[in-house]
Amino acid sequence: MTQLATPVETIAALLKARGETVAVAESSTGGLISASLLAVPGASAYYRGGAIIYTLEAREALLGLGKETLRRQTPLTEDYVNLCARAIRDRLGATWGLAELGATGPAGTPYGHPPGICVLAVEGPVCLNLRIENGSAEREPNMWAFAHSAFELFARALAG
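Every letter in the sequence shown is one number past the one before it in the working numbering, and letter 153, counting from 1, is 475.
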């Protein structure tokens with residue numbers, strides 16, 4: 323977690339000082355975002371929970387989104403990741419929802435996206451999106467890079 327310690331410690335301090343909370347829905351980062359938030363002492367003050375939404379079935383079960391709602395979405399788009407961020411925020415009663423969907427590699431997605439693509443969303447008092455297309459098929463480096471980008475986006479939202 324040391325790769326993400328500095329941005330996460332800053333985010334944690336801001337959330338604690340404001341009395342705000344975050345809930346996380348992540349796919350291709352596989353829990354790195356949540357694990358990094360939980361690595362900061364005192365995380366119970368701001369971390370409401372998270373879900374790894376790697377499959378449509380997980381998105382339906384963990385986010386409470388119906389299959390038809392999910393099927394109407396275009397994968398790896400800002401609209402889709404916004405929906406996931408709002409759903410996890412609302413489901414867990416958090417101030418902020420942070421969501422990530424992507425293709426880390428070495429292969430692309432079943433929907434035809436090549437590896438190295440990620441979409442991120444923050445939903446709360448400020449709403450932001452970020453799309454990353456780095457062209458890399460290196461799975462683990464992409465996971466770390468996508469998690470780092472999620473924290474950069476969240477920090478921007480918190481700065482308001």
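Think of the CB as a built atom: it goes at the ideal place given N, C-alpha and C, for glycine as much as any other residue.
Give the straight-line distance between the Cα atoms of residue i and residue j, rounded to the nearest whole angstrom.
| i | j | result |
| --- | --- | --- |
| Arg-370 | Ala-347 | 11 Å |
| Arg-408 | His-470 | 21 Å |
| Pro-313 | Leu-336 | For the chain, the structure presents residues 323 to 482; residue 313 sits outside this window and is missing. |
| Glu-342 | Phe-476 | 13 Å |
Going by C-alpha distance, which of the options is nearest residue i?
| i | options | result |
| --- | --- | --- |
| Gly-356 | Ala-339, Ile-375, Arg-340, Gly-341 | In the sequence as displayed, the identity of residue 356 is Ser instead of Gly. Answer by Cα proximity: Ile-375. |
| Arg-381 | Asp-401, Thr-399, Val-330, Leu-405 | Leu-405 |
| Met-465 | Gly-457, Thr-426, Ala-335 | Thr-426 |
| Ala-481 | Thr-328, Ala-365, Gln-325, Thr-332 | Thr-332 |
In the DSSP assignment, find the unbroken alpha helix (DSSP H) run with residue i in it and report its ends.
| i | result |
| --- | --- |
| Asn-404 | 400–414 |
| Ile-333 | 327–340 |
| Ala-383 | 378–385 |
Just grab the DSSP bridge partners of residue i for me.
| i | result |
| --- | --- |
| Gly-424 | Cys-440 |
| Gly-482 | Bridge partners of Gly-482: none, in fact. |
| Ser-454 | Before going on, a small fix: residue 454 reads as Ile here, not Ser. Answer is Cys-440. |
| Glu-462 | DSSP, once it has assigned bridges, lists no residue as partnering Glu-462. |
| Glu-445 | Gly-419 |
Provide the residue span of the beta strand (DSSP E) that contains residue i, from first to last.
| i | result |
| --- | --- |
| Ala-361 | That residue, Ala-361, is in no beta strand (DSSP E); it is neither H nor E in DSSP. |
| Leu-392 | No beta strand (DSSP E) contains Leu-392, which is instead part of the alpha helix (DSSP H) from 389–393. |
| Ala-373 | 369–374 |
| Ala-347 | 344–348 |
Between residue i and residue j, how many whole angstroms is the CB-CB distance? I'm expecting something under 8 Å.
| i | j | result |
| --- | --- | --- |
| Ile-410 | Leu-385 | 6 Å |
| Thr-351 | Phe-473 | Not confirmed; about 11 Å, so no contact. |
| Gly-273 | Glu-445 | Because the chain spans 323 through 482 in this model, residue 273 falls outside it and cannot be assessed. |
| Ser-458 | Gly-438 | 4 Å |
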